[in-house]
Each structure stands twice: as structure tokens, then as C-alpha cells.
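Trainee: Quick one: the structure is below, and I'll ask about it shortly.
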Amino acid sequence: FPRVGYEILKRRSSFVERYFDALRGESSYEDLWRDLRATAGLDLLRSLWPAPAEPDVGRHYDRVASRYDSRLGLWRELVGAGAWAHLEGLLRECVRDGARVLDAGTGTGAAVEKLLATAHPGSIVGVDLSKGMLRVARRKVKDPRVAFEVQDITRLPYPDRSFDVVLSTWTLET
Numbered sequence: 132f133p134r135v136g137y138e139i140l141k142r143r144s145s146f147v148e149r150y151f152d153a154l155r156g157e158s159s160y161e162d163l164w165r166d167l168r169a170t171a172g173l174d175l176l177r178s179l180w181p182a183p184a185e186p187d188v189g190r191h192y193d194r195v196a197s198r199y200d201s202r203l204g205l206w207r208e209l210v211g212a213g214a215w216a217h218l219e220g221l222l223r224e225c226v227r228d229g230a231r232v233l234d235a236g237t238g239t240g241a242a243v244e245k246l247l248a249t250a251h252p253g254s255i256v257g258v259d260l261s262k263g264m265l266r267v268a269r270r271k272v273k274d275p276r277v278a279f280e281v282q283d284i285t286r287l288p289y290p291d292r293s294f295d296v297v298l299s300t301w302t303l304e305t
């Protein structure tokens, strides 16, 4: 993950010092790991999020779509594992058999995959602004109950009560 590594090194000279302390035996790798975990999420986010000069978020995510899942996996491993485990419990508890589910900001379909593995919804609509992210989601998720649509989640066209459950996990990722 060269871009993530660069973000860590660029912003965290103390991390580099701790790394060399561990190499010299002056501190432990456990200390180094603890230091890295304390800020890994923010460093990962900075490596993915568009620079302020780039206001077109959909186009940004189109560019990162092909490598997004590999970085999301790192995020979950380092920081988000507890949140995703909690989400799994909520899906079991809240999504009844046959439910209509909207995944707002579906990205590459990670939450849809978790939903299909955890519950038995009748239908799922995953919406995202990025065509690139949806292309990845369509390749991964082949279930006939799932449809993916290009939509801006701030202006969804669905009438009230169109869905039994609305899911939005992009905040778990960021």
C-alpha cells in the first residue's frame, strides 16, 4: 500500500523514529503496532479521500474503484473490525426475511455481501454516485435479488416506505 505508507510517513515522523527504535531493540514491535493503530484509520482515509481541489467525489471514486476493496480490507483489519461485527449483529436483528433493503452509498457492495451472508432479504437496491464502484459491485454480487443504481444519496428518488430497512455503511469506512 504505497500511498497509505506515504501518508503515514509524511505526517508521522515519530512513527519512523519508533520503527528504528524497534529495529535497534530500544522499544518493542508491540509499541510500534499500538502507535500505528492509533492513527491508521485517519492515515488510510487521507490516502483515499480526494484532495480539496477535487470536488467531484463521484469521479474520484471512479478512479479508486479497482483498488478500493484492498484498502477497505486493511481498514477493517486495523480499525473497523468491531464496527463491522456490530453491523452483522444489527443485520441479523433488524432485517426480517423478505425485507426490502436500500444500501445508500453501496460502493463496491461490501455491505450487500455481508447482508446476503447474514440475513434473507427479499430485495436489495444498492445506490452510489460512482459508476466505477457500481461496476465492481456488479462483478462481485451476482444475486438476482440485488440491483445497483447510480444515484446521489442526498437526493434519492424513492417515495417514503419504499424500503423496510435503509443501510448506509460509508461512515463505517471513513
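Take 132 as the starting number for the sequence shown in the working numbering and just add one per residue.
All C-beta atoms in this analysis are idealised placements derived from N, C-alpha and C, irrespective of residue type, glycine included.
#1: Between 295, 292, 235 and 220, which lies nearest to residue 259 when the distance is taken from Cα to Cα?
#2: Around the Cβ of residue 294, are there at least 16 other Cβ atoms within 10 angstroms (buried) or fewer (exposed)?
#3: Can at least three beta-carbon pairs, one atom from the segment 150-167 and one from the segment 225-233, be found at a separation below 8 Å?
#4: Quick check on the DSSP output: the alpha helix (DSSP H) that includes residue 254 runs from which residue to which?
#5: Cα separation between residue 155 and residue 164?
#6: Quick check: the Cα distance between residue 289 and residue 168, rounded to an integer number of angstroms?
#7: Return helix, strand or coil for residue 296, following the three-state DSSP convention.
#8: For residue 196 versus residue 270, is the C-beta distance shorter than 8 Å?
#9: Check this for me: beta carbons of residue 298 and residue 241, under 8 Å apart or not?
#10: Residues in the same chain with beta-carbon distance under 8 Å from residue 185, minus the five sequence neighbours each way, listed in chain order, please.
Mentor: According to the data block:
#1: 235
#2: buried
#3: no
#4: From DSSP, residue 254 is part of no alpha helix (DSSP H) but of the beta strand (DSSP E) over 254-259.
#5: 16 Å
#6: 40 Å
#7: strand
#8: no
#9: no
#10: In this prediction, residue 185 scores a pLDDT of 46, lower than 50, which makes its location untrustworthy; the coordinate-derived value is nonetheless stated afterwards. Same-chain partners within the cutoff: 191.
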